[in-house]
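*Asks:* Please see the structure below; I have some questions.
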Amino acid sequence: MRKKIIAGNWKMHKNNSEAMQFVKLLKVKLVGYKKTEIVVCPVFTALSSVKSVLEDSQNIKLGAQNVHFEEKGAFTGEVSAEMLLSCGCDFVIIGHSERRQYFCETDQTVNKKVKKALSCGLKPIVCIGELLAEREANQTMNVIERQTKALFEGLSEQEATKLVIAYEPVWAIGTGKVATPEQAQEVHAFIRKLISELYSEKIAEIIRIQYGGSMKGSNAKELLSQKDIDGGLIGGACLEADAFKEIIEIAESLG
Ligand code: PGA
Numbered sequence: 602m603r604k605k606i607i608a609g610n611w612k613m614h615k616n617n618s619e620a621m622q623f624v625k626l627l628k629v630k631l632v633g634y635k636k637t638e639i640v641v642c643p644v645f646t647a648l649s650s651v652k653s654v655l656e657d658s659q660n661i662k663l664g665a666q667n668v669h670f671e672e673k674g675a676f677t678g679e680v681s682a683e684m685l686l687s688c689g690c691d692f693v694i695i696g697h698s699e700r701r702q703y704f705c706e707t708d709q710t711v712n713k714k715v716k717k718a719l720s721c722g723l724k725p726i727v728c729i730g731e732l733l734a735e736r737e738a739n740q741t742m743n744v745i746e747r748q749t750k751a752l753f754e755g756l757s758e759q760e761a762t763k764l765v766i767a768y769e770p771v772w773a774i775g776t777g778k779v780a781t782p783e784q785a786q787e788v789h790a791f792i793r794k795l796i797s798e799l800y801s802e803k804i805a806e807i808i809r810i811q812y813g814g815s816m817k818g819s820n821a822k823e824l825l826s827q828k829d830i831d832g833g834l835i836g837g838a839c840l841e842a843d844a845f846k847e848i849i850e851i852a853e854s855l856g
């Protein structure tokens, strides 16, 4: 059975001291939850300080929100996978729709970043998802197929199993408009089928697929109960400790 993974994407919120205070609180509130993998993804500048608070945590892991695909060099403003590792990161979010939309990330750069992260031992949480116009034009599965194939391009079976996929319909992100459990399950099952075609059924059964887009305590149970939904990538509801905890409690109860 796949272990559920709930990751909080803090986006551009919380400065250093806010981040440290918040994660101290989370550490206390989330103590003892073991069935679910829990990840927090603060801004780059807070990674080291959050890690220092999490040093003695048994169950909360650290992730970054982006990574560059080169190791080092003249790339002003960018951060490498090695640098993230040196801050204590285990995970990195790659290809979030906000990065694709506002920072010109493409299927190709996403694939390069995935390869680089894996080569350093960082586990990528790779985001895919359709725009509202694409859903309305019945293009959802075509978009998902293109994004999925591109992100796995050139990855060995062993590398592929390290990935977490986050299916995030772009129209559901930060809008309060959540996909129905049936809509989400349909796409998750489709992604798993694609992976089984690219690799094998065995590999497809290992890879975890999170749902993201307005997930919160009131809708998490229905979503996380779906056969192919293995966790959540949480934006808005991860910024408040009790709201984040509520989702993790639900994941734990579904075990
Ligand atoms: P949301 O964000 O939960 O606020 O919709 C999810 C995400 O962007 O990963």
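Counting from 602, one number per residue, gives the positions in the sequence shown under our numbering. Ideal placement from N, C-alpha and C gives every residue a C-beta, glycine not left out. For clarity, every value in this text was computed on a predicted model and none was experimentally measured.
1. Roughly how many angstroms separate the alpha carbons of residue 646 and residue 652, rounded to a whole number?
2. Just to confirm, is the Cβ distance from residue 640 to residue 608 under 7 Å?
3. With DSSP as the reference, please indicate the residues paired to residue 607 in a beta bridge.
4. Name the DSSP bridge partner or partners of residue 766?
5. Spell out the partners DSSP gives residue 662 in its beta bridges.
6. Only counting runs of 4 or more residues, tell me where the alpha helix (DSSP H) segments fall wholly within the region 684-735, in order along the chain.
7. Over the uninterrupted alpha helix (DSSP H) stretch that includes residue 790, give me the two end residues.
8. Could you tell me if residue 795 is buried or exposed, where buried requires 16 or more neighbouring beta carbons within 10 angstroms of its beta carbon?
9. Whole angstroms is fine: what's the gap from residue 771's alpha carbon to residue 835's?
10. Could you tell me the boundaries of the alpha helix (DSSP H) in which residue 743 lies?
11. Using the Cβ count rule (16 or more neighbours within 10 Å means buried), how would you classify residue 703?
12. Starting from the C-beta of residue 712, find all residues in its chain whose C-beta is less than 6 Å away, skip the five residues before and the five after it, and write them out in chain order.
13. Since I believe residue 846 is in contact with residue 631 (beta carbons under 8 Å), could you give me their beta-carbon distance rounded to a whole number of angstroms?
14. Taking the alpha helix (DSSP H) that residue 821 falls in, what are its first and last residues?
15. How close, in whole Å, do the beta carbons of residue 658 and residue 615 come, if the pair is a contact with beta carbons under 8 Å?
16. Over the uninterrupted alpha helix (DSSP H) stretch that includes residue 629, give me the two end residues.
17. When you compare the CB positions of residue 692 and residue 664, do they come within less than 7 Å of one another, or not?
18. Tell me which residue opens and which closes the alpha helix (DSSP H) that residue 652 is part of.
19. Which same chain residues end up closer than 8 Å to residue 673 when comparing Cβ atoms and leaving out the 5 residues on each side of it in sequence?
20. Is residue 806 buried or exposed, if buried means 16 or more other CB atoms sit within 10 Å of its CB?
21. On the three-state DSSP scale, how would you describe residue 855?
22. Would residue 841 be called buried (16 or more neighbouring beta carbons within 10 Å of its own) or exposed?
23. With H, G and I counted as helix, E and B as strand and the rest as coil, what does DSSP make of residue 803?
24. Going by alpha carbons, who is nearest to residue 776 out of 696, 649 and 816?
25. What first and last residue would you give for the alpha helix (DSSP H) that runs through residue 761?
*Replies:* With the given structure in hand:
1. 11 Å
2. yes
3. 639 and 833
4. 727 and 810
5. 640
6. 698-703 and 708-721
7. 782-799
8. buried
9. 13 Å
10. 741-753
11. exposed
12. 751, 752 and 754
13. 6 Å
14. 818-825
15. Actually they are not in contact, since the Cβ atoms of residue 658 and residue 615 sit about 17 Å apart, beyond 8 Å.
16. 617-630
17. yes
18. 648-655
19. 681 and 683
20. exposed
21. helix
22. exposed
23. helix
24. 816
25. 758-761
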